[in-house]
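Participant: Offset between the sequence shown (1-based) and the numbering used here: plus 148. Positions of the beta carbon are idealized from the N, C-alpha and C atoms, including for glycine. The structure displayed is predicted, hence computed values, not measured ones. Sharing a structure, written as structure tokens. Questions coming.
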Amino acid sequence: MRGSEEMEVSVNVRREAVGHIKGVITPLRRTFPYLFKRPFTVMYPKEKLRLSECYRGHIVLELDKCIGCGNCGRACPNGAIDYVLPDDVDPSDRRQVILRRRPAVDHGHCLMCGLCVEACPKQAIHMSKNYGFSASSRLHLISDPYELSGEEHGLRKKIHYLLQTSLMSKAAGREFEDSVKKLEQEYQELRKKRFAGEIVEDEFQRREGELIDEVIRIFNLVDEGVLKA
Ligand code: SF4
Ligand code: SF4
Numbered sequence: 149m150r151g152s153e154e155m156e157v158s159v160n161v162r163r164e165a166v167g168h169i170k171g172v173i174t175p176l177r178r179t180f181p182y183l184f185k186r187p188f189t190v191m192y193p194k195e196k197l198r199l200s201e202c203y204r205g206h207i208v209l210e211l212d213k214c215i216g217c218g219n220c221g222r223a224c225p226n227g228a229i230d231y232v233l234p235d236d237v238d239p240s241d242r243r244q245v246i247l248r249r250r251p252a253v254d255h256g257h258c259l260m261c262g263l264c265v266e267a268c269p270k271q272a273i274h275m276s277k278n279y280g281f282s283a284s285s286r287l288h289l290i291s292d293p294y295e296l297s298g299e300e301h302g303l304r305k306k307i308h309y310l311l312q313t314s315l316m317s318k319a320a321g322r323e324f325e326d327s328v329k330k331l332e333q334e335y336q337e338l339r340k341k342r343f344a345g346e347i348v349e350d351e352f353q354r355r356e357g358e359l360i361d362e363v364i365r366i367f368n369l370v371d372e373g374v375l376k377a
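Structure, rendered in structure tokens:
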């Protein structure tokens with residue numbers, strides 16, 4: 149009786165040992181051939197991916213080709229496009245508004261669908277191959293028209309342009325949306341007053357500065373304090 153128990157134990161031990169050996173050899177057999185193949189992954193961000201011809205990344209804009217027709221904004225299914233006017237355009241001048249507005253894009257809401265590109269009659273808006281979307285604030289994911297065309301400028305200048313749009317209030321999210329919307333509305337009123345001569349330039353600049361500070365303060369609450377004024 150005792151002999152058969154010992155035999156059973158030794159069979160179990162042998163089975164367990166074979167199981168362990170298989171557990172080492174099987175994965176090695178499966179993975180060994182990949183030592184001689186090109187890796188599927190890359191060391192991002194040091195290395196860049198090789199992208200297919202039709203890859204859709206960040207949106208870029210050729211400012212000089214854009215005619216302000218508004219087709220891209222109408223085509224966008226997710227409200228990721230709104231328009232910015234140059235500083236010298238009176239927002240109550242309908243003709244100038246239509247001719248000189250240029251699109252800003254919130255990449256945080258962009259679906260990369262490419263519908264805006266298809267809708268553009270001047271091939272002014274394109275999808276680039278840029279896929280680096282990491283940002284420390286949602287505000288950094290919104291690009292004004294000048295940034296879309298490759299210009300680099302500071303955060304305050306970006307907000308100065310974006311206050312004309314509704315993109316920041318949308319990006320701020322439900323809890324802060326109304327607060328940012330109020331700032332956008334106030335800025336648009338302020339701009340109208342400036343062109344109507346109801347407010348002097350110094351006063352306009354002072355109030356605009358305060359609105360920009362307030363946007364930064366709110367986005368620091370949204371994104372837990374990463375923006376510098
Ligand atoms: S790619 Fe699509 S979602 Fe993105 S801005 Fe253009 S139309 Fe809108
Ligand atoms: S980018 Fe194209 S579709 Fe959009 S406003 Fe300019 S011309 Fe029109």
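Among all the DSSP beta bridges, which residues are the ones paired with Met-275?
Facilitator: Ile-207
Participant: So is the beta-carbon of Gly-221 under 8 Å away from any non-hydrogen atom of ligand 2?
Facilitator: yes
Participant: Provide the residue(s) that pair with Arg-250 in DSSP beta bridges, ordered along the chain.
Facilitator: Val-232
Participant: Taking the alpha-carbon positions, what's the Gly-171 to Thr-179 distance?
Facilitator: 13 Å
Participant: Answer with buried or exposed for Tyr-192, where buried requires no fewer than 16 other C-beta atoms within 10 angstroms of its C-beta.
Facilitator: exposed
Participant: In whole angstroms, what separates the C-alpha of Glu-195 from that of Leu-359?
Facilitator: 40 Å
Participant: May I have the straight-line CA-CA distance separating Val-208 from Ile-273, to the nearest angstrom?
Facilitator: Rounded to whole angstroms, the separation of the alpha carbons of Ile-273 and Val-208 is 6 Å.
Participant: Counting only the same chain and skipping the five closest in sequence on each side, list residues whose C-beta sits under 7 Å from that of Leu-233.
Facilitator: Pro-239, Val-245, Arg-248, Arg-249, Gln-312
Participant: Bridge partners for Ile-366 per DSSP, in chain order?
Facilitator: None, per the DSSP bridge assignment.
Participant: Just to confirm the assignment: which complete alpha helix (DSSP H) runs, minimum length 4, are found wholly within the stretch 284-326?
Facilitator: 293-296, 303-310, 315-320
Participant: Using only the heavy atoms of ligand 1, determine whether one of them is closer than 8 Å to the beta carbon of Met-191.
Facilitator: No, Cβ of Met-191 sits at least 8 Å from all heavy atoms of ligand 1.
Participant: From Pro-269, Tyr-182, Ala-228, pick the residue whose C-alpha is nearest to that of Asp-251; which is it?
Facilitator: A quick correction: the sequence has Pro, not Asp, at residue 251. The shortest Cα separation from Pro-251 among Pro-269, Tyr-182, Ala-228 belongs to Ala-228.
Participant: For Asp-371, which residues in the same chain have their Cβ closer than 8 Å to its Cβ, ignoring the five residues on either side in sequence?
Facilitator: Answer for Asp-371: Ser-284, Ser-285, Arg-286, Leu-287, listed in chain order.
Participant: What whole-angstrom Cβ distance do Leu-310 and Val-253 have, given they're in contact under 8 Å?
Facilitator: Going by Cβ atoms, the distance from Leu-310 to Val-253 rounds to 11 Å, so no, they are not a contact pair.
Participant: By Cβ distance, which residues of its chain are closer than 8 Å to His-308, with the 5 residues on each side in sequence left out?
Facilitator: Glu-356, Ile-360
Participant: If you run the structure through DSSP and keep just helix, strand and coil, what is Ile-215?
Facilitator: In this structure, Ile-215 counts as coil in the three-state DSSP scheme.
Participant: Might you give, ordered along the chain, the residues of its own chain that have their beta carbon closer than 8 Å to the beta carbon of Ser-276, omitting 5 neighbours on each side?
Facilitator: Gly-205, His-206, Ile-207, Val-208
Participant: Could you pull the start and end residues of the alpha helix (DSSP H) that Val-265 belongs to?
Facilitator: It spans 263-267 - the alpha helix (DSSP H) in which Val-265 sits, taken as one unbroken run.
Participant: What is the DSSP secondary structure of Arg-342, counted as helix, strand or coil?
Facilitator: helix
Participant: From the DSSP output, in three-state form, read off Ser-240 for me.
Facilitator: coil
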